[in-house]
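In full-length UniProt numbering, the protein residues as written are 1 to 1264.
Each residue gets a CB set at the ideal place from its N, CA and C atoms; glycine is no exception.
On a predicted model such as this, the values are computed, not experimentally measured, just so you know.
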Amino acid sequence: MADALFVVLRKVGLFLGEGALERIGTEIIEVAPILTNFEHSMKQIQGELSILQAFISQVNPHKDGDKAFDAWLDQVRDVSHEVEDIIDEYAYLTAQAMDTSSFFKRKFHQIKNFASWQKLPIQISQVEARIQRLAEMRNRYGISVVEEDKSSKLQQPNQLRTSDSAYLTDNSDIVGNVDEIAILTQWLLEGKQERTIIAILGMGGLGKTTVTSSVYKNQKIRRTFDCYAWVTLSQTYQAEELLREIINQLIDQRTSMASGFVTMSRVRLVEAIQSYLQNKKYMIVLDDVWDKDAWLFLNYAFARNNYGSKVLIATRRKDVSSLAADSYVIELRTLRYAESWELFCKKAFRLLTDNVCPANLTSWAKKIVARCQGLPLAIVTIGSILSYHELEEHAWNFFYNQLSWQLANNAELNWISNVLNLSLNNIPSYLRSCFLYCSLYPEDYKIKRKLISRLWIAEGFVEERGGGTTMEEVAEYYLRELTQRSLLQVTERNACGRPRAFLMHDLVRDVTSIISKREKFGIGYGGGTTHVAHEARRLSIQRGAKSLHSLASTRPRSFILFDAGVPSSWIYDISSRFRLLRVLCLRFADIEEVPGVVTELYNLRYLDFSHTKLKKIPASFRKLANLKVLDLRFSSVEELPVEITMLTNLRHLYVFTVHDLQERSLNFFSATKLPGDICYLKNLQALYTISANKKLVSQLGNLTLMRSLAIVEVHQSYTAELWNSLTEMPNLRRLFISACNVNEILDLNTLKPLPNLTFFWLAGKLEGGVLPSIFSEKLMQLKLDWSGLKKDPISSFSHMLNLVDLWLYGAYAGEQLSFCTSWFPKLKSLQLADMDRLNWIEIEDGTMMNLHLLELSGLRNLKAVPVGIKYLKTLHQMFLTDMSNEFIDRLEGSDSHIVQHITDIHNFDSSDSQAVNNFIFLPYLAKKFGPESSLASSAVGEIMKNAEGRSWWVGSYLQILWFEVGVQASVSDKVMIFLSEWSKNGRFALSLGEGVLERIGTELAEVAPILTDFEHSMKQIEGELSILKAFIDQASIHKDGDKAFDAWLDQVRDVAHEVEDIIDEYAYLTAQNPDTSSFFKRKFHQIKNIAAWQKFPSQISQVEARIQRLTEMRNRYGISVGELDKGNKLQQHNQFSMSDFAYLTGWFPKLRSLQLVDMEHLNLIEIEDGTLMSLHTLELTGLRNLKAVPEGIKYIRTLDQMFLTDMSNEFIERLLGSDHHIVQHIPDIRNFGSSDTQEANNFIALEYLAKKYGTGALKYSPAE
């Protein structure tokens, strides 16, 4: 096999191991004797993938601007996917052959799959051929996959130098962040003597550099410091270069310090900076810091001298910002809409009076601003581009509709993509696939922590780390890393402070989706698309799925349905084509039975039928041996088959339905019966919710990995066995137990303490009306329902110092509750409900100092508002349901002063307690569902009837009822409910893809048996063409004067045209062979075109021979293509005999180093604006006839080194004199005589000496 070349496939061996190969070997041979050496071939191909996995972790997947590399890389991904398909297909066939059912059924599967087994060796051979061909193409077109050395990588636009962007924005143009700038100014001017580190944190494009530079350039602030410096850290900085850059900026008035820095070691440089700063008050800005490593040596360099010095660190990463004390961290926010609009108008309408938006453009301008979601970089960049557009509505409409395409293809918007991509390119390989997966979610859709973690695990993205750490915990760590890197934002936290939901910024999602689609990682489909020809490994159907008639992707690994409005027939049809799925999420789907194909998905890891009308799980589920997650919540499944206990890899099992949204009854939801022996499910970590029986509770102790358990219908006679089983679960975190009825007594006295329990919910009467002290200080959430407590229970909870949520529903039969000083210091939510005798609540000053929410429900005997509420200064929400009229009257009258500090108070009576009429948070809804959301009226009963229990979602407070999808309900005057589904346009490219090849394959074989391997050949030649085109595209403007290269390139063009002709002819014949027409019409076209079909093999063979000959000619005549535009270095030694030399606009966009040597006739170098845009080093040697400094050097703003050797005296004099303005932006200019080119001590530091002594200090050093 070829050497490892590839990218993609982080997951290897998910389904395959040596044990599987050995176990299935005999049965394969029974079915297909041709596979005698098949096990060996499978091991080989698995070995190839293991190298792929190592390769992906170190290769740079995006060599920006290298079209040939990108096209080649696309082919690599295709091959990688084919290899993955072979392994998955093998696992699928293996699972069927290893079926544990009857002998006859096994034989049936063996016979049925005979053809599939026979195909595998052929597919492996084809893949090996494609791998070999990729290696040949890489050599043929000089494609380099080797990373550039670090010194080369250092020279990026974000390299170590004074940040250009810090000075591009005038302070008068800054909009927003006024408070942040004021705070920064205050910190910089404060009289604090010790050195202070200040961190400015935020995602890419949020304005960290702009905000920081506004204070850095402030002359009032600068005058308070003795010296200051600003350096930008690249992702691949070199410590020595960073230290030298700091020195260059700090030491501009100390001649004695200027010598010798170029050759100093890191230690000496640190000592030099420390010595210089020792007795000075300094301000240093470190911009765009990516990790803490730099601080390890900078901390020593920046002297702690008690002069009031300040170090400002701008970063995207929260762990880097932790270098500063919490009180000196500013986390930037996105701009408010009004600020965004102001900034946009300043840029887009800068040529108009007062920057006012014309009326005809207002609607589109507002949509564009909303799309930017307050990201200053996007607003400024897009606004600046639109300032050159005509002020016509159709032009702005077109731009808005094409915004996602513009981000991917418009060079003027590359700045946005590049800045956002920096974060993505910087993340570790194990996080990359996880983050790309997030782009499959719809725009503005909340990414729930638990769901995304399970999806990642199912896909194989999460690694096992051992040491008792679960993969769920590792996944949560991944999420924490992504938020620390500002790639995801936390939008919700649970009561314990853990993130519950995340959001991806729209533009970050756009950029990530582009990458995901380009790499064929995954794609989300929206409305308006009927046929999708894009081959993707993961599909999310977001809107308008019922109009989607065909998908090219027939072998995806994930299929996630976000559109609940699709008909069941569509779901059954579409799912029948995906037999290699790992993830199938049909949440909210309109289905009543399991699609038959599901039980054949042997590779399935994650299966979600929640919020469906599903009533029964078939016994054939036992085949899903790899299943890890089964989610049946809010379905109609009442009993699981006994075969479920055969799913020994199951980690999470959820099955229940809520009947009482307010949870104010004991049996507010129904559980599911689980027959059989649950003891076999030893990998279960979460089980919600099962009905108890004697056998089940005795076997629960075998589930030692359990972390979350909900069990209901518990009888008193079960408790002894249940308590014993619970003590066998050392990792149990969450526990819900419900008695079989309100009179059943549960004795907790024999339950041993559960040391790691953080959540406990008990529904049922307690023995003796007393709650035993069985909880540790780790308990954070406690809920007691219908417990029959006889004494004030609050004191028995008071030792729970970490308690965050306390819910008491009908739990206490007494008259008074008391909350004493210092109790419950961390409590945030208190809910008291249905305690009929309660008439007094005492709240002392100093208790519940962090309470945010208070809910009182059904306390009909409570007449007065608790006076102590006035002490709860952090309380900002109070919900009242079914309270007495007297209580409400006093709340609104004589007792109103007690609650006047509470911002949100909502009251419900018993007739509308389940509605959202009086407390729909319109700002929240507008943010969640968009400004176009609508409200309609309906009674709760009618809503539940029309929704049929499948499309509603219970909010964090049980009176709130959201609708996630559009549901039509009849109108009533009583209550308000949210019903509108919001929509946005989607666009997808439609082109000829592999699906066409697969669709026509069988019928081609009928017409022309000679084409058995034709589809494989077409895939190869299509891949060759994409690279040919990309190569020609970038080769056409280079290699000027190289006649051999030009002649060879002409031959390459001819071959490309021939390949294109073959593919176009193939598309033409394919189109004449429609799969929707009659049998006879298809046969007619096949016969009519048989001659044309038969020509293809010979044409392909001829083209392949020509391509091979091109490779041979390149080698034969020494034609070089390796340095083409991507070599970063262009050397021209005595290769030019004319007198002038021109570099025109658009040439050499990636060139970093240019050397011109010994061209004796050269007297003029013309450099146009827009050429050599990435040049960092210019070397001129022996150009004795060049008298003037090339004027165009002033356009090369990236140039930071200029080396001159053996140049004319006149050239050097003009460099120091009349032409000095041309090179004043270059920090490092060195001049050597012909005899001292190896000596670094004779260089001239132009910028430093010119400032110190004037331009006369620069003297030419000719050979002695």
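Tell me whether the stretch 227-238 and the stretch 187-205 touch, counting them as touching only if at least three CB pairs, one residue from each stretch, are closer than 8 Å.
Counting Cβ pairs under 8 Å, fewer than three are found: no touch.
Using only CA atoms, which one of Cys-496, Val-637, Glu-639, Leu-748 lies nearest to Thr-758?
With distances taken between Cα atoms, Thr-758 lies closest to Cys-496.
So Gln-274 and Ala-303 are in contact, right, with Cβ under 8 Å, and what is the actual spacing, rounded?
5 Å between Cβ atoms; contact.
In whole angstroms, what is the alpha-carbon distance linking Asp-288 and Ile-246?
Each residue's Cα considered, the two are about 15 Å apart.
Quick check: the stretch 1147-1166 against the stretch 1178-1194, are at least 3 beta-carbon pairs closer than 8 Å?
Taking 8 Å as the limit for Cβ pairs, the verdict is that the stretch 1147-1166 does touch the stretch 1178-1194.
How many angstroms separate the CA atom of Gln-219 from the CA atom of Ile-284?
Cα-Cα distance, rounded: 15 Å.
Which one or two residues does DSSP pair with Cys-227 in a beta bridge?
Tyr-282.
Under the three-state reduction of DSSP, which class applies to Trp-1147: helix, strand or coil?
Looking at Trp-1147 - three-state DSSP - the assignment turns out to be coil, as it is neither helix nor strand.
Given a threshold of 16 other Cβ atoms within 10 Å of its Cβ, counted over all protein chains shown, does Phe-398 qualify as buried or as exposed?
Counting Cβ neighbours within 10 Å, Phe-398 comes out exposed, since fewer than 16 surround it.
Please list the terminal residues of the continuous beta strand (DSSP E) segment that includes Ala-199.
Segment 196-201, the beta strand (DSSP E) holding Ala-199.
Between the beta-carbon of Ala-458 and the beta-carbon of Arg-633, is there less than 8 Å?
Cβ distance not < 8 Å, so Ala-458 and Arg-633 don't count as in contact.
Going by DSSP, what residue range makes up the alpha helix (DSSP H) through Trp-396?
Trp-396 -> alpha helix (DSSP H) spans 393-401.
Between the alpha carbons of Lys-791 and Ala-813, how many angstroms are there, rounded?
Going from the Cα of Lys-791 to the Cα of Ala-813 covers about 8 Å.
Could you check whether Val-270 and Tyr-300 sit closer than 8 Å to each other, using their CB atoms as the reference points?
Yes, the pair counts as a contact, with Cβ atoms nearer than the cut-off.
Following the continuous beta strand (DSSP E) through Val-742, name the residue where it begins and the one where it ends.
Taken as a continuous stretch (DSSP letters only), Val-742 belongs to no beta strand (DSSP E), as it is neither H nor E.
Answer with buried or exposed for Val-211, where buried requires no fewer than 16 other C-beta atoms within 10 angstroms of its C-beta.
Flag for Val-211 reads buried.
Tell whether a beta-carbon distance below 8 Å holds between residue 1265 and Val-598.
With the chain represented from 1 up to 1264, any question about residue 1265 goes unanswered, as that position is not in the structure.
Could you pull the start and end residues of the beta strand (DSSP E) that residue 1290 belongs to?
With the chain represented from 1 up to 1264, any question about residue 1290 goes unanswered, as that position is not in the structure.
For Tyr-388, is the classification buried or exposed, using 16 other Cβ atoms within 10 angstroms of its Cβ as the cut-off for buried?
By the 10 Å Cβ count, Tyr-388 comes out exposed.
Could you check how far apart the C-beta atoms of Asn-649 and Ala-625 are, in whole angstroms? I think they sit under 8 Å.
Right, their Cβ atoms sit about 7 Å apart.
When DSSP labels each residue in this structure, what does Leu-854 get in the three-state scheme?
In this structure, Leu-854 counts as strand in the three-state DSSP scheme.
Given a cut-off of 8 Å on the beta-carbon distance, is the pair Ser-875 and Ile-902 in contact?
The question names Ser, but residue 875 is Leu in the sequence shown. Yes, the Cβ-Cβ distance between Leu-875 and Ile-902 is below 8 Å.
On the DSSP bridge assignment, give the partners of Pro-499 in chain order.
Pro-499 is bridged to Arg-493.
Report the option in Phe-435, Ile-571, Arg-537, Arg-837 whose CA atom is closest to the CA atom of His-505.
With distances taken between Cα atoms, His-505 lies closest to Phe-435.
Just mark Gln-685 as buried or exposed, buried being the case when its beta carbon has 16 or more other beta carbons within 10 Å.
Buried is the call here.
Is it buried or exposed, Gly-893, if we count other Cβ atoms within 10 angstroms and call 16 or more buried?
By the 10 Å Cβ count, Gly-893 comes out exposed.
Who are the near neighbours of Phe-919 in its chain, counting only those whose CB is closer than 6 Å to its CB and skipping five residues on each side?
Confidence is the limiting factor: at Phe-919 the pLDDT is only 32, short of 50, which leaves the residue's position unreliable and the question unanswerable from this model.
In this structure, how does DSSP classify Cys-585 when only helix, strand and coil are distinguished?
DSSP places Cys-585 in strand when its eight states are reduced to three.
Straight-line CA distance for Val-965 to Leu-539?
Here the model assigns Val-965 a pLDDT of 31, short of 50, so the residue's position is not dependable and the matter cannot be decided.
Out of Ile-841, Gly-846, Asn-850, Ile-843, point me to the one whose CA is closest to Asn-802's CA.
Minimum Cα distance to Asn-802 is reached at Asn-850.
Run the CB neighbour count on His-394, radius 10 Å, all protein chains shown included, and call it buried at 16 or more, exposed below.
By the 10 Å Cβ count, His-394 comes out exposed.
Should residue 1324 and Val-712 be called a contact, given that it needs their Cβ atoms to be closer than 8 Å?
No answer is possible for residue 1324: it lies beyond the span of the chain, which begins at 1 and ends at 1264.
Taking only three categories from DSSP, how would you classify Ile-571?
Looking at Ile-571 - three-state DSSP - the assignment turns out to be helix.
Determine the direct distance from the alpha carbon of Cys-227 to that of Leu-250, and round the result to whole angstroms.
Cα to Cα, Leu-250 sits roughly 6 Å from Cys-227.
Does the Cβ of Ser-309 have 16 or more other Cβ atoms within 10 Å, making it buried, or fewer, making it exposed?
The residue in question, Ser-309, is buried, as its Cβ has 16 or more Cβ neighbours within 10 Å.
I'd like the list of long-range same chain contacts for Glu-492, defined as Cβ closer than 8 Å, with 5 residues on each side in sequence excluded.
Hits under 8 Å: Lys-446, Pro-499, Arg-500, Ala-501.
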